[in-house]
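Note that my numbering numbers the sequence shown so that position 80 is 82, with each residue one more than the last. Glycine residues also receive a C-beta, built at the ideal position from the N, C-alpha and C atoms. What you are looking at is a predicted structure, and each value in this text was computed from that prediction instead of being measured. To start, the structure under review is shown below, and the notes come after it.
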Amino acid sequence: SIVYVGVDDKNIDLFENQYVVPNGVSYNSYVILDDKITIMDTVDRRGTEGWLANLKETLGDKKPYYVVVSHLEPDHAGNLKTLLDLYPDIKVIGNPKTFTMIAQFFDVDLSDDRKVVVGEGDTVNLGTHTLQFFMAPMVHWPEVMMTYDTTDKIFFSADAFGKFGALDVEEEWDCEARRYCIGIVGKYGPMVQKLFGKVGSLEIKAICPLHGPVLTENLEHYLNLYNIWSSYQVETEGTVIAYTSVYGNTKKAVELLAEKLKEEGCPKVVVTDLARDDMAEAVEDAFRYGKLILATTTYNGDIFPFMRTYIENLTERSYQNRTIGLIENGSWAPAAARIMQGMFEKSKNITWLENNVKITSSLSEANEAEIEAMAEELCK
Numbered sequence: 003s004i005v006y007v008g009v010d011d012k013n014i015d016l017f018e019n020q021y022v023v024p025n026g027v028s029y030n031s032y033v034i035l036d037d038k039i040t041i042m043d044t045v046d047r048r049g050t051e052g053w054l055a056n057l058k059e060t061l062g063d064k065k066p067y068y069v070v071v072s073h074l075e076p077d078h079a080g081n082l083k084t085l086l087d088l089y090p091d092i093k094v095i096g097n098p099k100t101f102t103m104i105a106q107f108f109d110v111d112l113s114d115d116r117k118v119v120v121g122e123g124d125t126v127n128l129g130t131h132t133l134q135f136f137m138a139p140m141v142h143w144p145e146v147m148m149t150y151d152t153t154d155k156i157f158f159s160a161d162a163f164g165k166f167g168a169l170d171v172e173e174e175w176d177c178e179a180r181r182y183c184i185g186i187v188g189k190y191g192p193m194v195q196k197l198f199g200k201v202g203s204l205e206i207k208a209i210c211p212l213h214g215p216v217l218t219e220n221l222e223h224y225l226n227l228y229n230i231w232s233s234y235q236v237e238t239e240g241t242v243i244a245y246t247s248v249y250g251n252t253k254k255a256v257e258l259l260a261e262k263l264k265e266e267g268c269p270k271v272v273v274t275d276l277a278r279d280d281m282a283e284a285v286e287d288a289f290r291y292g293k294l295i296l297a298t299t300t301y302n303g304d305i306f307p308f309m310r311t312y313i314e315n316l317t318e319r320s321y322q323n324r325t326i327g328l329i330e331n332g333s334w335a336p337a338a339a340r341i342m343q344g345m346f347e348k349s350k351n352i353t354w355l356e357n358n359v360k361i362t363s364s365l366s367e368a369n370e371a372e373i374e375a376m377a378e379e380l381c382k
């Protein structure tokens, strides 16, 4: 009685105009077939044609009674006005913030009899199914709410538990869900934790997110990962070495450190060139692993731009509970280490390595000894 009517977008290159999505993305929408037929969200305007075709195939001549708006972001509510125009009698279920945003996004004047305003824990009966609503403000917009079908034990989770990638692509869930979660929801970990407190006792047989596959098996795995990500715990033991290098000297230090770590038998070592590698993946790795080495040059009295951007991406997402070491390079007035450390002044529970590396132009024997000491400290 619950039908998927979403669409895949294989032509998109940048999600939110910033995240590279080589395998596209899905926009998920669902229909609950009951006495009062209910549509769970619409899709992005990029998928209008396919979504309307899926809707027509599912509904036939039947008319929907409700549409639930979990989230007003245009990749999910982009066709809300289309739906309202197509079915002039359909009622909209949302919370007070939902209706404020509808007026901001669309030129529609919803009469009071078409609004069904719900709050925390409220229920709406569809016939066989009863929907219960849970407010999830700032996961990751203020109007977000999630819906629990008390009949079939289905949890409609809005953007939570979503991932990049179209549904017809076979790939590991964890990686693209982590990149999605850290990048988009990462700043709002405490709000996700509050949500766990609200819904943690529910019996859930399936999770229906607004992006990515419906999750029906091994739900404990997904719930556990979301708990780790939203509480900023270390998911995997390992070291990320993120660097920028202008003429290759800082890169040599990074390569030597990676080599030493592997010789010492350290767990996973990930090396990323911030000027060339995907920034979102570099951010994801920093949150996945427990240790981070930052290596860059002093540049215009500051640090190299890609490194500044990287650290800002970490700190704005509440980077915490990690160990950080520093490699700096400067030919006449090295300041990179001081500046990098200062950028984490508001970050919680950061442990700084005692052994850092200070290069003056090119790698020296003294630097090699410093790198050896850094590797030993990291591998303790």
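Can you tell me which of the options puts its alpha carbon nearest to the alpha carbon of residue i?
i	options	result
Gly167	Met140, Phe198 and Leu212	Leu212
Leu88	Val272, Phe107, Lys58 and Glu18	Lys58
Glu75	Phe346, Gln106 and Asp304	Gln106
Leu365	Lys382, Leu259 and Leu276	Leu259
Arg290	Leu276, Val141 and Tyr321	Tyr321
Leu276	Lys270, Met376 and Ala284	Ala284
Leu221	Ala208, Ile230 and Trp231	Ala208
Asp280	Gln20, Val9 and Ser3	Gln20
Asp46	Pro24, Pro307 and Ala79	Ala79
Asp15	Pro98, Glu172, Ser28 and Asp124	Ser28
Asp304	Gly240, Lys155 and Gln343	Gln343
Glu2	Val23, Ser333, Ala377 and Ile326	Missing from the structure shown is residue 2; the chain here goes from 3 to 382 and no further.
Gly292	Asn351, Ala338 and Ser247	Asn351
Asp115	Asp124, Thr60 and Ile95	Ile95
Taking residue i as part of the alpha helix (DSSP H), name the residues at either end of that continuous run.
i	result
Met309	Pro307 to Glu318
Glu51	Thr50 to Leu61
Cys177	Trp175 to Tyr182
Met345	Ala338 to Met345
Met147	No alpha helix (DSSP H) contains Met147, which is instead part of the beta strand (DSSP E) from Met147 to Asp151.
Leu85	Leu82 to Leu88
Met140	Run containing Met140: none; DSSP gives neither H nor E here.
Ile373	Glu367 to Leu380
On the DSSP letters alone, give me the boundaries of the beta strand (DSSP E) that residue i sits inside.
i	result
Tyr29	Val27 to Tyr29
Val70	Tyr68 to Val70
Lys65	Neither: Lys65 is in no beta strand (DSSP E) and is coded neither H nor E.
Met137	Thr132 to Met137
Phe157	Ile156 to Phe158
Thr353	Ile352 to Trp354
Asp275	Lys270 to Asp275
Could you check if residue i is buried or exposed, using at least 16 other CB atoms within 10 Å of its CB as the buried criterion?
i	result
Thr299	buried
Arg249	Rather than Arg, the amino acid found at residue 249 in this sequence is Tyr. Classification of Tyr249: exposed, given that the 10 Å Cβ count is below 16.
Lys12	exposed
Lys382	exposed
Ala55	exposed
Glu356	exposed
Pro98	exposed
Arg181	buried
Which residues in the same chain have their Cβ closer than 7 angstroms to the Cβ of residue i, if we skip the five residues on either side of it in sequence?
i	result
Lys345	According to the sequence as given, residue 345 is Met; it is not Lys. Cβ neighbours of Met345 beyond the five flanking positions: Ile313 and Thr317.
Asn369	Ala255, Val359 and Ile361
Ser349	Thr317, Tyr321 and Gln322
Leu128	Ile34, Asp36, Asp37, Lys38 and Thr40
For residue i, which residues from the same chain have a beta carbon less than 6 angstroms from its beta carbon, with the 5 sequence-adjacent residues on both sides left out?
i	result
Trp231	Cys183
Met42	Tyr32, Val70 and Phe158
Arg310	none
Val9	Tyr29, Val45, Gly49, Gly52 and Trp53
Quick one: what's got a C-beta closer than 8 angstroms to residue i's C-beta in the same chain, skipping five residues either side?
i	result
Ser203	none
Ser72	Met42, Asp43, His78, Val146, Met147, Met148, Thr149, Phe158, Ala160 and Leu212
Met140	Val146, Tyr190 and Met193
Asp176	Leu227
At the 8 angstroms Cβ level, is residue i part of the contact set with chain B, yes or no?
i	result
Trp231	You won't find chain B in this structure, because it holds only one protein chain.
Run through the stretch 220 to 258 for me and flag every whole alpha helix (DSSP H) of 4 or more residues, listed as ranges in chain order. 221 to 232
Which ranges would you report for the alpha helix (DSSP H) in the stretch 282 to 309 if only whole runs of at least 4 residues count? none
Complete runs of the beta strand (DSSP E) confined to the stretch 183 to 216 [at least 3 residues]: 208 to 210
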